[in-house]
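In what follows, a single structure is set out as structure tokens and then discussed.
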Amino acid sequence: MSLELCSLCATLSDNSALFAPVNLVVEKGEVACVMGPSGVGKSTLLNAIGGHLDTHFGIAGDILLNGKSVKNLIASKRQIGVLFQDPLLFPHLSVGDNLAFGLCSSVVGAKNRKLEIEQALEQAQLSGFYHRNPATLSGGQQSRVALMRALLARPQALLLDEPFAKLDMELKYTMRDFLFDQARQRLIPILLVTHEPKDVAAAKGPLIVLQPI
Amino acid sequence: MLAILVMGILAPVVTGLGETTRAAFGILPVLGKHDFNLTAWQQLFQLPGFTTSLQLTLVSGFLATSTGLILTIFGCAWVYNTSEKSFLFSKLKPFIAPMLVPILAAPHAAIAIGLTFLLAPSGWLTRLFSPWLTTWQLPPNLTIVQDLWGLSLTLGLIVKELPFLWLISLVALKQINLSKQLSIAQSMGYSYANAWYKIIIPQLYPLIRLPVLVVLVYALSTVDMALILGPNTPPTLALATMRWYNDANVAMLLPASAAAIGLAGLMILSVFVWEIAIVIIMAVTKIATRSGARGRHWRLVSTALATALPMSLLLGFLSLVVLLIWSFTWRWSFPDALPTSWSYSYWLKLITHWPLALQHSIILALGSSAIAVIFAVAWLEVQDRFGGYLSRLTLWFIYLPLLVPQIAFLYGLKVGFLRIGLNGGMGAVIWAHLLFVFPYVMLSLIDSWRAIDRRYLQVAASLGTSTWGCFWRIKLTLLLQPLLLAWAIGIAVSIGQYLPTLMIGAGKIETLTTQAVSLASGADRRLVGVYGLIQALVPILAYMLAIYLPRLMALKKL
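First to last, the protein sequences are chains A and B.
Under my numbering, residues 1 to 213 are what the first sequence spells out, in order.
Under my numbering, residues 214 to 771 are what the second sequence spells out, in order.
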């Protein structure tokens, strides 16, 4: 698995580019970081890769996932997971049902699915949280559930938009290490938008700094 | 404030229901009847067409509400779909808002009359396609409006209620982090439609539950729309009840009251059935969510259903346009697409004579909406100063008059009013209007009142502004637009009231709406056009004022 960006940039309706074209290869299990000044379009870059751009934006260049272009696919066909700053657990579903929503449909049978979800909860050190209401969880716990939910969908790549910005220092580092471990174990290429130079050092992967035009 | 709520809203509804119930069980002192018995009910069940009426009521009510709700959800999904270009009708979006306001503002009766002029065999639609497409030189011999199955009534209810439900839903959706939740679901492989089904709808429905129930109750118990669009032989239960009340034989008051109370019971049962159905649907949704099935794209189906919203808006808008055309018509013979000669004589007559109906409507609307706005503001301000909050229960009480069929308590209320010496004057009718105006005014105001940034008030207070100064110069000034909108909604609700005006006014106070409804069955479409249109025009003007006055005042300050 690998994620490859070839002279990729998001464009406005008049075809002007938002930022300088990006070239990047993220191998499986590797974590690449995206930095850049506020408002340069880091989130827009992630939206372009994930297929979540508004129609008034365009894309120039190409996005290759495992060697195949996904540029013209809609978001739901790309198999690229996203995590935002907020965990955004669905409030009407329990923690377990949030994970069940993520867990890919190739795991069939209520028993098998429950088993796999319990395992995921265990990995996230949240055993026994299956029936809890997500609103009763702490920020760190919610972030772990959100990450597991994204991973259970078995994405081919994962995009993270400052996922831990709202957590305190200590928690941030534990979460980050947890995330990097999971990515390496599951051999998923990861693209992380961050403001923290320490994240870049810990990621040990390629870094791109987004340049305004 | 609670006392005002109890006296102003609760007491009339409870008294009304109480008096009607007494009559339903045989106690009507005016007719010299004092004994409890069930004769009225036996009479009711034996009245011709009772079961058909019941069936008709349930089918049109449930069909209209469920279709309205489904189309509302597809309409919302359509508006928020900014990532897929495939939607055929995305070009239509800019035309939505200008069509929405008039339909929301226009009374039910105006839309119903307009739809008649549009859809009848001799209506505008047939004229537009005749004879070049249909070869008809004469109106076809078909029953389209007032069909036996109540389909045109159902359509009328959908056309009028869909914009309301849609607007309420769009406001509610602002409380949900919609686009990011959809992005997450789609990134996991869920289709747009499936993400809406499993993620958005379960969060949206609880937020719009009360308005949906109000629509259900209205659809099951409307009299004016049923009178114009519904079948006559037999009519819906609400309309039949109204006819029995108006029967020349006063003994019919007893079975009529039984029918009115029966209708209230039917309403409780219907709300119960509706809620059970929703619980079942939600449970099925949860099971589907647990399976992790990603769903198909259903693009064709979703597009088709999403287009129903603009189609319905168009139908509502055209029904107002056709009223406008008829009101300026002199000669318009079938199958011409437009009138052959025009005239403004009916309008001239209206403007020069200022008929009583127009005067009454304006007095009732201004009176009830002003009182409602003052009450609502006083209530919210008292809560700000002395603490307390609107509990869920209080909200249900405010909504109560909208959740009980009008016909179930209005007759009893009339009896109650007579007992305390209010006999069908303007004051009594204003009070009756208030029961329906106040809930809408309160609910449209409450969110913006709470949204005032309290820090402005703290800053003002720290600068030495008194509590009253804060109230006049900060709260009311900041809330000018919402206040005017609440007032306009009040005007629209009051202008549209048919049954309360008719029953509490004892038929003596004629308004634009009572006139329009009673003329609707008549032959002179030009006159009906004038009345139907002006009935819609007054609230539209109020809305325009509410929208543009604050902008003008803001411009002046620059």
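No residue lacks a Cβ here, since even glycine has one placed at the ideal position from N, Cα and C.
Fair warning: this is a prediction, and the values are worked out from it, not measured in the lab.
- Contact between S581 of chain B and G709 of chain B is ruled out by a C-beta separation of about 12 Å, above the 8 Å threshold.
- Judged by DSSP in its simplified three-state form, E723 of chain B adopts coil rather than helix or strand.
- In terms of CA proximity to V26 of chain A, A:I63 leads the group A:I63, A:I59, A:A201, A:P197.
- In the three-state DSSP reduction, D181 of chain A falls in the helix class (H, G or I).
- If only uninterrupted alpha helix (DSSP H) runs of at least 4 residues are considered, those enclosed by the segment 53–101 of chain A are 75–78.
- Under a criterion of Cβ atoms nearer than 9 Å, the residues of chain A adjacent to P415 of chain B are, in order, F90, H92, L93.
- I74, A75, S76, Q79, I80, G81, V82, F84: these are the residues of the segment 63–85 of chain A whose beta carbon lies less than 7 Å from some beta carbon of chain B, given in chain order.
- Note that the segment 107–118 of chain A does not touch the segment 137–147 of chain A; fewer than 3 beta-carbon pairs, one per stretch, sit closer than 8 Å.
- Distance from the CA atom of E232 of chain B to the CA atom of T724 of chain B, rounded to whole angstroms, is 26 Å.
- Annotation note: the segment 563–638 of chain B contains the following uninterrupted alpha helix (DSSP H) runs of length 4 or greater, listed N- to C-terminal: 569–599, 605–616, 619–632.
- Annotation for I441 of chain B: the continuous alpha helix (DSSP H) segment containing it runs 437–442.
- With a contact defined as Cβ atoms closer than 8 Å, T446 of chain B and G363 of chain B miss out at about 12 Å.
- Cβ proximity to chain A below 7 Å picks out N390, K393, Q394, S396, I397, Q399 from the segment 386–399 of chain B.
- In the three-state reduction of the DSSP assignment, W700 of chain B falls in the helix class.
- Per DSSP, A517 of chain B has no beta-bridge partner at all.
- Close partners of T502 of chain B in chain A (Cβ separation under 8 Å): L93, D97, A100, F101.
- Neighbours of Y403 of chain B across chain A, judged by C-beta separation under 7 Å: S76.
- Around the CB of A755 of chain B, 16 or more other CB atoms lie within 10 Å, so the residue is classed as buried.
- According to DSSP, M35 of chain A shares a beta bridge with A:V209.
- Secondary structure note for A157 of chain A: it is in no alpha helix (DSSP H), and the uninterrupted beta strand (DSSP E) holding it is 157–161.
- Contact of H52 of chain A with chain B is assigned, a C-beta pair being separated by under 8 Å.
- Nearest CB-CB separation between A157 of chain A and chain B: not below the 8 Å threshold.
- Judged by beta-carbon spacing, L45 of chain A lies within the 8 Å limit of A10 of chain A, meaning their Cβ atoms are closer than that value.
- Judged by beta-carbon spacing, A451 of chain B lies within the 8 Å limit of T435 of chain B, meaning their Cβ atoms are closer than that value.
- Contact of A277 of chain B with chain A by beta-carbon distance below 8 Å is absent, the smallest such distance being about 27 Å.
- Out of B:A318, B:L537, B:A641, the CA that lies nearest to the CA of L551 of chain B is found in B:L537.
- T329 of chain B counts as buried, since no fewer than 16 other beta carbons sit within 10 angstroms of its beta carbon.
- By the beta-carbon neighbour count (other beta carbons within 10 angstroms, threshold 16), S470 of chain B is buried.
- For V193 of chain A, the uninterrupted beta strand (DSSP E) segment begins and ends at 190–193.
- Just so you know, the alpha carbons of A224 of chain B and K627 of chain B end up roughly 13 Å apart.
- Counting only runs of 4+ residues, the alpha helix (DSSP H) found wholly inside the segment 649–677 of chain B occupies 667–675, in chain order.
- Judged by DSSP secondary structure, A10 of chain A falls within the beta strand (DSSP E) whose first and last residues are 2–11.
- At a Cβ-Cβ threshold of 8 Å, T726 of chain B and Q748 of chain B count as neighbours.
- Taken in chain order, the complete alpha helix (DSSP H) segments of 4 residues or longer contained in the segment 235–282 of chain B are 252–259.
- Collapsing the DSSP output to three states places R456 of chain B in a helix.
- A straight line joining the alpha-carbon of T356 of chain B with that of Y458 of chain B spans about 28 Å.
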